[in-house]
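Chains as they are written, first to last, in the numbering used here: chain L, 257 to 370; chain R, 89 to 988.
Just below is one structure, and these are the notes that go with it.
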């Protein structure tokens with residue numbers, strides 16, 4: 257795990273991008289999103305409930321994702337979030353911005369892609 | 089498995105989220121925590137360890153709250169689910185309720201339209217009638233400090249005049265002796281023939297005390313009022329009404345100071361009264377157009393036996409009407425001792441001017457106001473029924489709200505808000521209706537009600553309408569609202585949305601409402617029935633003459649030009665001759681005051697050979713001076729003797745025609761023909777007059793009152809009481825001859841004014857205008873209530889049968905015949921109606937008593953009316969429950985049962 261400071265800053269800057277990316281190909285519920293972030297970052301990134309959900313609600317409120325209760329046989333219902341058309345545009349722009357940002361940082365710090 | 093909901097809820101406290109939103113967040117987050125917990129357990133952790141691990145997620149306790157706070161600005165995403173969120177939120181709740189209510193109303197347009205129409209009719213009727221009450225009863229009269237104004241009348245009940253016009257000498261004594269009035273003024277009706285400027289025209293006007301306008305506190309629009317010194321014989325000054333000034337003088341501001349020719353004498357116009365000044369509403373239906381000083385000449389001032397004044401007075405500050413009455417009683421008792429000949433048994437009546445003006449119409453208006461109140465109650469009951477039926481449909485919604493934590497009081501508030509919204513929309517529509525209604529009302533309001541023209545919508549009417557709408561909303565909203573608060577959540581959930589205890593209760597409320605509706609409608613129908621019956625009695629009264637095909641007009645001869653009978657006769661003769669020869673005219677006559685146009689002209693008479701009775705015992709006989717041919721023209725049957733003819737000249741035997749009642753009164757078992765009588769005491773100078781004929785009694789003064797003693801004299805033999813009207817029996821539409829007859833009169837005298845061209849039918853209609861006004865309106869309102877009640881019965885029956893279709897299906901499956909089902913269904917409806925009618929009967933017995941003064945010829949408990957109305961209501965109720973019952977009969981048992 258990175259230092260607490262880096263952790264917080266990175267999360268703050270990238271959290272939106274992470275969530276939007278995760279719901280791009282299909283709708284996911286909050287637990288799923290949390291799991292995937294932890295899994296795909298190999299444990300580097302982790303959201304707890306108290307910060308994940310307010311973020312989801314904010315994105316929903318901005319109209320970038322849309323949550324919907326889905327019931328499956330024999331299960332308690334869950335809320336699935338999917339990307340809205342507005343969210344798609346934002347995702348595209350953020351990806352581009354992030355790519356430029358990372359490239360710029362890399363060029364300066366001399367960190368090379370593996 | 090541990091439970092996290094409470095932990096989450098704890099952390100959400102203080103965010104004041106809407107309960108719905110809170111529930112949602114809790115659900116979503118707890119699901120998440122459950123998932124984590126499960127995973128931890130799968131990984132082999134103990135339950136307690138898993139729980140601790142998961143709670144770590146929440147343990148930065150303020151993180152969740154602060155981040156959420158930034159996102160959730162207490163936005164109500166889903167207004168459908170409402171919970172109790174405390175006092176801080178009343179306005180937000182209200183706004184939410186209003187929006188939600190509007191959406192609910194928009195979602196069921198049929199319901200909304202029916203409810204709004206019912207309410208609009210009810211509220212509109214109330215606003216319209218209130219606007220009349222407001223203008224006629226509530227609005228102060230347009231004078232300075234009008235509460236201190238009183239009318240002072242003589243009272244001669246023993247002669248049939250409970251209020252009588254005072255005589256000049258009495259008036260002058262009152263004026264000098266009283267200490268209770270600031271000032272007093274006398275008025276006397278007078279006719280003015282205006283000549284010399286355009287067509288000759290007759291105007292109703294008054295001679296008035298010079299201080300009248302000061303007493304009233306009314307300032308002239310132009311010029312000045314009368315000066316005290318002008319109240320002297322010989323001064324010729326006049327003040328015009330605004331209307332006369334506009335119409336005859338084109339509103340010329342230079343009118344003040346101009347000379348005009350009235351009754352062949354020159355008068356100086358000194359002023360014009362303001363537009364809204366209609367004069368003082370008086371004893372007769374008098375339409376004041378101009379005023380001159382009363383200026384009693386000495387002989388008039390001394391006259392105590394001629395009664396023709398109207399007296400108005402202003403009470404001194406601090407003096408009550410009662411105190412004034414007491415002092416005037418004392419003064420009148422003294423005058424009766426001093427002048428027993430004229431004043432014995434004559435009393436005095438001090439009446440507030442307001443009472444004088446509105447007295448006659450007040451009972452009718454109060455009954456009408458009560459009636460529209462009843463109509464509104466019926467409308468409320470209907471809407472409440474609709475709401476109840478809808479509340480039953482909305483059971484699922486209510487259950488949902490209660491389940492997510494809405495409190496019962498919150499639900500009650502929501503229902504009341506919806507009712508109030510409905511009431512306000514209904515009230516708005518009602519106000520629009522009342523605007524139209526007022527226009528119609530104005531044409532119904534008899535023009536004898538002087539304030540009729542001021543009827544309209546003002547601030548008071550608006551406030552009244554708003555209050556009525558609000559009260560209405562609360563009244564009809566209470567039933568569904570209380571029902572909602574008694575809603576049993578468990579039952580509804582258990583029974584899977586089928587009929588529950590709540591709708592049993594709803595059915596009971598609905599039944600009570602129908603019973604109430606029927607009872608109220610019954611009372612209204614009885615009221616209307618009584619009035620209609622009275623009116624039929626009234627119209628069936630025999631006026632004593634044939635009303636149809638009679639053309640009438642006023643032709644008042646100026647006294648200066650035609651001072652005596654010798655100079656008047658050639659004019660009358662020539663007019664009669666020329667008009668009689670016009671095509672379409674069957675006969676023509678002159679009359680002194682046509683029936684129902686004048687209340688006065690009666691005299692004492694003495695009978696030859698009988699001692700004069702004491703002054704208070706002297707019979708008072710109504711006198712009319714006519715031309716030969718009057719009886720045949722009017723269609724008054726001659727039962728004995730003969731009509732006047734050409735032989736009854738100035739110098740021949742004085743003739744008199746009396747009515748049957750007069751004949752019976754004076755000569756009960758004798759032949760009156762040839763008997764002699766004379767005006768005044770037998771010692772008076774006037775010659776004896778011989779009875780030459782007896783005619784049928786005519787309702788002369790008051791259409792409703794029994795005819796008084798009457799007699800007729802011919803114009804050739806009387807100097808005073810000159811005929812002032814022409815009456816023509818026509819073979820064609822009477823009014824089509826009006827202009828021709830008028831021109832014929834002008835051919836005889838080009839300066840002779842001819843006015844009030846009318847038909848006798850109109851005059852009679854006018855005489856019963858008030859009765860027709862009350863009857864028509866109450867009839868309309870009762871019909872409205874009947875329709876509303878029928879709709880109510882129909883609605884309740886339809887609903888109850890729809891609810892019972894399963895039961896009916898079972899009955900039919902078990903072998904019940906269709907006719908049994910019909911009986912069952914209709915029986916249910918009829919039971920309600922019969923209970924309603926029974927209650928209505930009792931209420932009507934009590935309430936119709938207030939109408940007694942409006943009725944004519946029947947009692948307030950007229951059995952025929954009560955029986956007829958009961959039957960009418962039963963038949964209507966049967967029809968209203970028959971249609972849904974037939975539907976019950978057609979229930980297919982299979983369909984009804986499969987519904988399970």
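Glycine is no exception: its CB is placed at the ideal position from the N, C-alpha and C atoms.
Comparing alpha-carbon positions, which option in 939(R), 106(R), 800(R), 506(R) lies nearest residue 717(R)?
The count along the second chain starts at 1 and reaches residue 717(R) at position 629. It is 800(R).
Could you have a look at residue 262(R) and say whether DSSP puts it in helix, strand or coil?
Position 174 of the second chain holds residue 262(R). Helix at residue 262(R).
Take residue 327(L) as the anchor and find which of 320(L), 350(L), 285(L) has the nearest alpha-carbon.
For the purposes of this step, residue 327(L) is identified with residue 71 of the first chain, where counting begins at 1. Selection 320(L), 350(L), 285(L) evaluated against residue 327(L) yields 285(L) as nearest (Cα-Cα).
With 8 Å as the threshold, decide whether the Cβ of residue 271(L) is near any Cβ in chain R.
Here residue 271(L) refers to the residue found at position 15 of the first chain. No, its Cβ sits nowhere closer than 8 Å to a Cβ of chain R.
Measuring only between beta-carbons, confirm whether residue 355(L) sits less than 8 Å from chain R.
For the purposes of this step, residue 355(L) is identified with residue 99 of the first chain, where counting begins at 1. No, no contact with chain R.
Cβ of residue 260(R) within 7 Å of any heavy atom in the ligand GTP?
Questions concerning the ligand GTP fall outside what the structure shown contains, since it holds no ligand whatsoever.
Please work out which residues of its chain come closer than 6 Å, Cβ to Cβ, to residue 978(R), disregarding the five sequence neighbours upstream and downstream, and give them in chain order.
For the purposes of this step, residue 978(R) is taken as the residue at position 890 of the second chain. Nothing meets the Cβ criterion.
Since residue 284(L) meets chain R, which of its residues come closer than 9 Å, beta carbon to beta carbon?
Taking the first chain and counting its residues from 1, one reaches residue 284(L) at position 28. Those do not exist, as residue 284(L) stays about 12 Å from chain R at its closest Cβ, beyond 9 Å.
Within 8 Å of any Cβ in chain L, is that where the Cβ of residue 155(R) sits?
To locate residue 155(R), count along the second chain from 1; it is residue 67. Interface residue, yes.
Rounded C-beta distance between residue 614(R) and residue 280(R)? I'm assuming under 8 Å.
Counting from 1 along the second chain, the entry for residue 614(R) is found at position 526. Counting from 1 along the second chain, the entry for residue 280(R) is found at position 192. Residue 614(R) to residue 280(R), Cβ: 49 Å. No contact.
Starting from residue 270(R), trace the alpha helix (DSSP H) both ways and give me its first and last residue.
Translated into the one-based positions of the second chain, residue 270(R) becomes position 182. That residue, residue 270(R), is in no alpha helix (DSSP H); its beta strand (DSSP E) goes 269–283.
Just to confirm, is the Cβ distance from residue 965(R) to residue 466(R) under 8 Å?
Position 877 of the second chain, counted from the start, is the residue given in the question as residue 965(R). Position 378 of the second chain, counted from the start, is the residue given in the question as residue 466(R). No, they are not a contact pair.
Tell me where the beta strand (DSSP E) around residue 944(R) begins and ends.
What you label residue 944(R) is simply residue 856 of the second chain in a count that begins at 1. No beta strand (DSSP E) holds residue 944(R); DSSP gives it neither H nor E.
Roughly how far, in whole angstroms, is the beta-carbon of residue 392(R) from the beta-carbon of residue 255(R), given that I think they are within contact range, below 8 Å?
As a working mapping, residue 392(R) is identified with position 304 in the second chain. As a working mapping, residue 255(R) is identified with position 167 in the second chain. About 5 Å; that satisfies the 8 Å criterion.
State buried or exposed for residue 384(R), treating a residue as buried only when at least 16 other CB atoms are found within 10 Å of its CB.
Translated into the one-based positions of the second chain, residue 384(R) becomes position 296. By the neighbour-count rule (16 or more Cβ atoms within 10 Å), residue 384(R) is buried.
With distance defined between alpha-carbon atoms, name the residue in 957(R), 689(R), 699(R) nearest to residue 709(R).
Numbered from its first residue, the second chain carries residue 709(R) at position 621. Ranking the options by Cα distance to residue 709(R), first place goes to 689(R).
Pull out every residue of the stretch 90–101 of chain R whose Cβ sits closer than 9 Å to any Cβ of chain A, in chain order.
Going by chain labels, chain A is absent from the structure shown, which instead holds the protein chains L and R.
Relative to the C-alpha of residue 760(R), which residue among 767(R), 641(R), 742(R), 780(R) is closest?
Within the second chain, the letter at position 672 stands for residue 760(R). Nearest C-alpha to residue 760(R): 780(R).
What is the residue span of the beta strand (DSSP E) that residue 294(R) lies within?
Within the second chain, residue 294(R) is the residue found at index 206, counting from 1. Element bounds for residue 294(R): 289–296.
Give the secondary structure of residue 882(R) by DSSP, where H, G and I count as helix, E and B as strand, and everything else as coil.
Taking the first residue of the second chain as position 1, residue 882(R) is located at position 794. Looking at residue 882(R) - three-state DSSP - the assignment turns out to be helix.
Cβ closer than 9 Å: which chain R residues qualify as neighbours of residue 305(L)?
Position 49 of the first chain holds residue 305(L). In chain order: 96, 117, 120, 121, 124, 142, 145, 146, 152.
Measure the alpha-carbon distance for residue 101(R) versus residue 329(L) and round it to whole angstroms.
The sequence position of residue 101(R) within the second chain is 13, counting from 1. The sequence position of residue 329(L) within the first chain is 73, counting from 1. Taking the straight line from one Cα to the other gives about 33 Å.
Chain R beta carbons: is any one of them nearer than 8 Å to that of residue 328(L)?
In the first chain, residue 328(L) corresponds to position 72, counting from 1. It does not: the Cβ of residue 328(L) has no partner Cβ on chain R nearer than 8 Å.
To the nearest whole angstrom, what separates the beta carbons of residue 727(R) and residue 783(R), a pair I think is in contact under 8 Å?
The sequence position of residue 727(R) within the second chain is 639, counting from 1. The sequence position of residue 783(R) within the second chain is 695, counting from 1. Contact flag correct, Cβ pair sits at about 7 Å.
If we cut at 8 Å on Cβ distances, does residue 314(L) have a partner in chain R?
As a position in the first chain, residue 314(L) is number 58, starting the count at 1. Residue 314(L) counts as touching chain R.
Along chain L, in chain order, which residues have C-beta atoms closer than 8 Å to that of residue 160(R)?
If you number the second chain from 1, residue 160(R) lands on position 72. Against residue 160(R), the close residues of chain L are 313, in the order they occur along the chain (beta-carbon pairs closer than 8 Å).
State the beta-bridge partners of residue 252(R) as determined by DSSP.
Walking along the second chain from the start, residue 252(R) turns up at place 164. In the DSSP output, where bridge partners are listed per residue, residue 252(R) has 242(R).
Mind checking who residue 320(L) pairs with in its DSSP beta bridge?
Looking up residue 320(L) in the first chain gives position 64. Note: residue 320(L) sits in no beta bridge, so no partner.
Contact criterion: CB-CB distance below 8 Å. Does residue 334(L) meet it with respect to chain R?
Counting from 1 along the first chain, the entry for residue 334(L) is found at position 78. Interface residue, yes.
Between which two residues does the beta strand (DSSP E) containing residue 846(R) stretch?
Mapped onto the second chain, residue 846(R) falls at position 758. For residue 846(R), the uninterrupted beta strand (DSSP E) run begins and ends at 843–847, by DSSP.
Using a Cβ-Cβ cut-off of 6 Å (strictly less than) and excluding sequence neighbours within five positions of residue 806(R), which residues of its own chain qualify?
For the purposes of this step, residue 806(R) is taken as the residue at position 718 of the second chain. Correct list, in chain order: 713.
Check each candidate in 103(R), 352(R), 118(R) and name the one with the smallest Cα separation from residue 94(R).
Reading the second chain from its first residue, position 6 is the one you call residue 94(R). Per the Cα distances, 118(R).
Pop quiz: residue 809(R) and residue 711(R) are said to be a contact at Cβ under 8 Å. What is the actual Cβ separation, rounded to whole angstroms?
Counting from 1 along the second chain, the entry for residue 809(R) is found at position 721. Counting from 1 along the second chain, the entry for residue 711(R) is found at position 623. Right, the Cβ-Cβ distance comes to about 6 Å (below 8 Å), so this counts as a contact.
Check whether the Cβ of residue 345(L) lies closer than 8 Å to any Cβ atom in chain R.
Here residue 345(L) is taken as the residue at index 89 of the first chain, counted from 1. It does not; no Cβ of chain R falls within 8 Å.
Confirm, please, whether the CB-CB distance from residue 765(R) to residue 693(R) is below 8 Å.
Translated into the one-based positions of the second chain, residue 693(R) becomes position 605. Translated into the one-based positions of the second chain, residue 765(R) becomes position 677. Taking 8 Å as the Cβ cut-off, residue 693(R) and residue 765(R) qualify as a contacting pair.
Using CA atoms only, rank isn't needed, just tell me which of 962(R), 331(R), 207(R), 430(R) is closest to residue 61(R).
Residue 61(R) falls outside the range modelled here, since chain R spans only 89 to 988, and no answer is possible.
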